[in-house]
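Visitor: First, the structure itself, so that you have it in front of you.
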Amino acid sequence: MKAKVGLFCLSSCEGCMVEILNLEDRLLDLLEYIDIVESRILGVHSEEEIDIAFVEGCVMHEEEEKKIQEIRERSKIVVALGDCACSGGKFLFKDFTFREIEIDLPVTGNKLRADPIDKYVKVDYYLRGCPVSNEEFVELVKDLLLQKIFREKTYSVCSECILFEKDCLIDKGYPCLGPITMGGCKAVCPANGKYCYGCRGLYEDANIDGLIRIFKEKGIEVPTYLFDLLKIRKEVRQHE
Amino acid sequence: MSEKKVVLEEIVRIEGHLNVTLYGDETEIRKVTAEALEGTRILERVILGKSYMEIPDIASRMCGVCNVIHKLTATQAIENALGLEITQEAWSLRKLMVIGGHIQSHMLHLFYFVLPDLMGKPSLLHIADTHGELVKKIVKAKKHANRIIEITGGSRVHPVALVPGGISKPITKRDLENLRYELHELKKTIEEPIRFLLEIGNPEFENENIYVALTNQDTIPLLQGNISISNNSVYQAEKYSKIFTKIRENYSTAPHFKLSAKNVSYMVGALARININYTKLLPAAKTISTEYNIKWPNNNPFTNNTAQALEILHYIEESEHIIDDLEEKKLIRTWTRPKIQAGDGVAVTEAPRGLLIHHYRLNSEGKVVWANIITPTAQNLKNVEETCRNYGNKLLSEGANIELIEKEIEKLVRAYDPCISCSARFYKETD
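Residue numbers (the working numbering), protein chains in the order written: chain A, 1 to 240; chain B, 241 to 671.
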């Protein structure tokens, strides 16, 4: 029996779906073991029960709140796919400043929100990053099929970046969040000369105060996205 | 006769959430509305007060399919605001990156979204059952297109190395060799799928329209140029706000647009690009266009698909020339350090789906104080409504029933290659 997989999109850029399609031939290989029974971007639709539901995007209006609850009811496992689903998407949505803005929107009304899906339903696994790493997607699917336990990475982006033997971006004066961000992305940003902005969230032993101290020592302006990360962690703690 | 309403809900195989509603009776469709339902981005508000360095990263999150061009346009607008000149090599590499993005996006649209329509199957996965080899070629070609973005930009989606000032990763001779290899393989694998598509052809439908795209002297421009309106009038890109009028419809989270001068809708995208620039198509695309007897300029909106297919061949050939030039350079300098200053910057580019405008104003600290973004799909929505009405009425007059009309209109919407996530961007202060 092949596992039945659903790919769902809430409000998002659908970059994570694109990244999954970017598996190309490996996706065709995966299809020997899974059946994609629901995906708007692929044009498949059914009312079947689902074994693994991957949900991309955050909840921005009532329709989506209903949709995520329906998904939970018909799925055995729910996976939050990408930063929007995991934390509300710190880039566009979970920007805490905009919640105070008065807005007047068609369809969504004047109440603006951008909530991670675990505010409404239980989430079994998180695939972090913006976009997700499709390697990690394959890893999770394999682990689930083999009934192994999938664990989140317990090391930072820094420890992956070191393997590329590139100059440290903090030494060069960039506000890189590599030391506190959860690894697993193969340090794709810092290894290509771009500072890390923490799209994968904090890893468990993140020493934020230490990083802020280093930024100050080196005269680097503490970036606003670091405070976003901190607020997310605070919200998570309150949630628990 | 009673007034009826038919809703095509959540059209599948497009990027984002779109409903299309038809109003009318058995004899005539009177009105069509295109309702974008994607949660709004309010991006222009979110970036206020943020540093210029962060803007391209945020802008590219508007859309996962056309992320490359969004990131590039934002970067260019920022550079224009800072008065920053990037190196010639960085410019060429960025062009390659954008070409990779365009091919990738066109392929997603043509083969993942449109091809199942043409073959009467629900999805590409279902085509694999009968046309295994073809599907393998399609995914292989798309992989090579993605590799072009990855080599020049560091990653496939939201390329990380694209930063204000150039490209943050070094590009070596080895990278150029790899690029050449990917292009070679891409060219080899893509031909059969494209011929397969052109062989099937398009439905017959003539629809007078106005086309808007960038134009310049010698190429089909992607990164800069003047705005041409059906080759009748040409405007400087910086004067965009005089050309278009924004319309707010209360059924859609995306704004709609019309031409200010004539108060009519217009079409942007691959068809508009080729209708305006068809004399500049490179030999590979031109040959196949003549072979299949496609006439330019073309007024059939379904030809947008054909135009995208030809563009893929055109871009591959153009990329080869770019790499030839790069290989002659002794040193590939990719980055210039930005100097922070206040300024106002506009960048107008051609996204896969058409004309894209980013406009930012920076203060003396390099923080954004004002922003405006106009996406291709938002510009097309009014045109989609009108063309759907015309096409629906044509089918009605030929005696089609409502099921067929629904199906055909869905195909027509898909031909426009709408990308709703990009277009959904209302908030009060920008209205």
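All residues carry an ideal CB built from backbone N, CA and C; glycine is no exception.
Would you call the CB atoms of B:N689 and B:A582 closer than 8 Å?
Guide: Residue 689 of chain B is absent from the structure shown; chain B starts at 241 and stops at 671.
Visitor: Can you tell me which of A:I52, A:V78, A:C189 and A:F215 puts its alpha carbon nearest to the alpha carbon of A:D124?
Guide: A:V78
Visitor: Anything in chain B within Cβ reach of A:C86, meaning under 9 Å, just list it in chain order.
Guide: The contacting residues do not exist; A:C86 stays about 14 Å from chain B at best.
Visitor: Shortest alpha-carbon distance to B:P399 belongs to which of B:T519, B:R334 and B:L437?
Guide: Of the listed residues, the one whose Cα sits closest to B:P399 is B:R334.
Visitor: Shorter than 8 Å from the beta carbon of B:K290 to some beta carbon of chain A?
Guide: It does; some Cβ of chain A falls within 8 Å.
Visitor: Can the beta-carbon of B:H561 be found less than 8 Å from the beta-carbon of B:A525?
Guide: no
Visitor: The alpha helix (DSSP H) with A:V55 in it runs from where to where?
Guide: That residue, A:V55, is in no alpha helix (DSSP H); its beta strand (DSSP E) goes I50 to E56.
Visitor: Please confirm whether B:A356 and B:I343 have their CB atoms less than 8 Å apart.
Guide: In the sequence on display, residue 356 of chain B carries Pro and not Ala. No, they are not a contact pair.
Visitor: Quick check: is the beta carbon of A:F8 nearer than 8 Å to any beta carbon in chain B?
Guide: no
Visitor: DSSP three-state label for A:M17, please.
Guide: helix
Visitor: State the DSSP-derived secondary structure class of B:V286, mapped to helix, strand or coil.
Guide: In the structure shown, B:V286 sits in a helix (DSSP, three-state: H, G or I).
Visitor: Would you say A:K94 reaches chain B, if we count a Cβ-Cβ gap shorter than 8 Å as a contact?
Guide: Low local confidence applies: a pLDDT of 48 at A:K94 is under 50, so the model's placement there is unreliable, with the coordinate-based value given in what follows. Not an interface residue.
Visitor: What did DSSP end up calling A:A3 once you bin it into helix, strand or coil?
Guide: Strand.
Visitor: Tell me which residues share the same chain as B:R577 and place their Cβ nearer than 8 Å to its Cβ, disregarding the 5 neighbours each side in the sequence.
Guide: G405
Visitor: Does the beta carbon of A:Y33 come closer than 8 Å to any beta carbon on chain B?
Guide: no
Visitor: If we count the other Cβ atoms within 10 Å of its Cβ and call it buried at 16 or more, is B:G289 buried or exposed?
Guide: exposed
Visitor: Alpha carbon to alpha carbon, how far is A:C130 from B:Q476? Give it in angstroms, no decimals.
Guide: B:Q476 and A:C130 have their C-alpha atoms spaced approximately 36 Å apart.
Visitor: Put B:V272 into one of helix, strand or coil per three-state DSSP.
Guide: strand
Visitor: Hey, would you say the C-beta of A:E65 is under 7 Å away from at least one heavy atom of the ligand FMN?
Guide: This structure lacks the ligand FMN; in fact it carries no ligand of any kind.
Visitor: If contact means a Cβ-Cβ distance below 7 Å, which residues of the segment 398 to 416 of chain B contact chain A?
Guide: H398, V400, A401, V403, S408 and K409
Visitor: Would you verify that the beta carbon of B:R301 is, or is not, closer than 8 Å to some beta carbon of chain A?
Guide: yes
Visitor: Given that B:G394 touches chain A, what residues does it touch there, using C-beta distances under 9 Å?
Guide: V188, C189, A191, N192, G193 and K194
Visitor: Cβ of B:P433 less than 8 Å from any chain A Cβ?
Guide: no
Visitor: Below 9 Å on C-beta distance, what does A:E19 contact in chain B?
Guide: Here the neighbours are G304, R396 and V397.
Visitor: Run the CB neighbour count on B:D297, radius 10 Å, all protein chains shown included, and call it buried at 16 or more, exposed below.
Guide: buried
Visitor: Looking at chain A, is there any beta carbon in it that lies within less than 8 Å of the beta carbon of B:V252?
Guide: yes
Visitor: What would DSSP say about B:I407, mapped onto helix, strand or coil?
Guide: Strand at B:I407.
Visitor: Let me confirm a value: A:I149 is counted as buried when at least 16 other C-beta atoms fall within 10 Å, else exposed. Which label applies?
Guide: exposed
Visitor: Residues of chain A with CB under 9 Å from B:P616, in chain order?
Guide: Per Cβ cutoff of 9 Å: no residues; B:P616 is ~15 Å from chain A at best.
Visitor: Could you pull the start and end residues of the alpha helix (DSSP H) that B:R601 belongs to?
Guide: Per DSSP, B:R601 belongs to no alpha helix (DSSP H); it is in the beta strand (DSSP E), G594 to L602.
Visitor: When you compare the CB positions of B:F445 and B:K622, do they come within less than 8 Å of one another, or not?
Guide: No. Outside cutoff.
Visitor: For the alpha helix (DSSP H) holding B:K428, just list the boundary residues, first then last.
Guide: K413 to I440
Visitor: With a cut-off of 8 Å, does the C-beta of B:L365 fall near any C-beta of chain A?
Guide: yes
Visitor: List the residues of chain B whose Cβ lies closer than 8 Å to the Cβ of A:P131, in chain order.
Guide: G304, V397 and H398
Visitor: Can you find the residues in the same chain that come closer than 7 Å, C-beta to C-beta, to A:G197, ignoring five residues on each side of it along the sequence?
Guide: Checking the displayed sequence, the identity of residue 197 of chain A turns out to be Tyr instead of Gly. Cβ neighbours of A:Y197 beyond the five flanking positions: L177 and Y225.
Visitor: Would you please verify whether the beta carbon of B:D297 is less than 8 Å from any beta carbon of chain A?
Guide: yes
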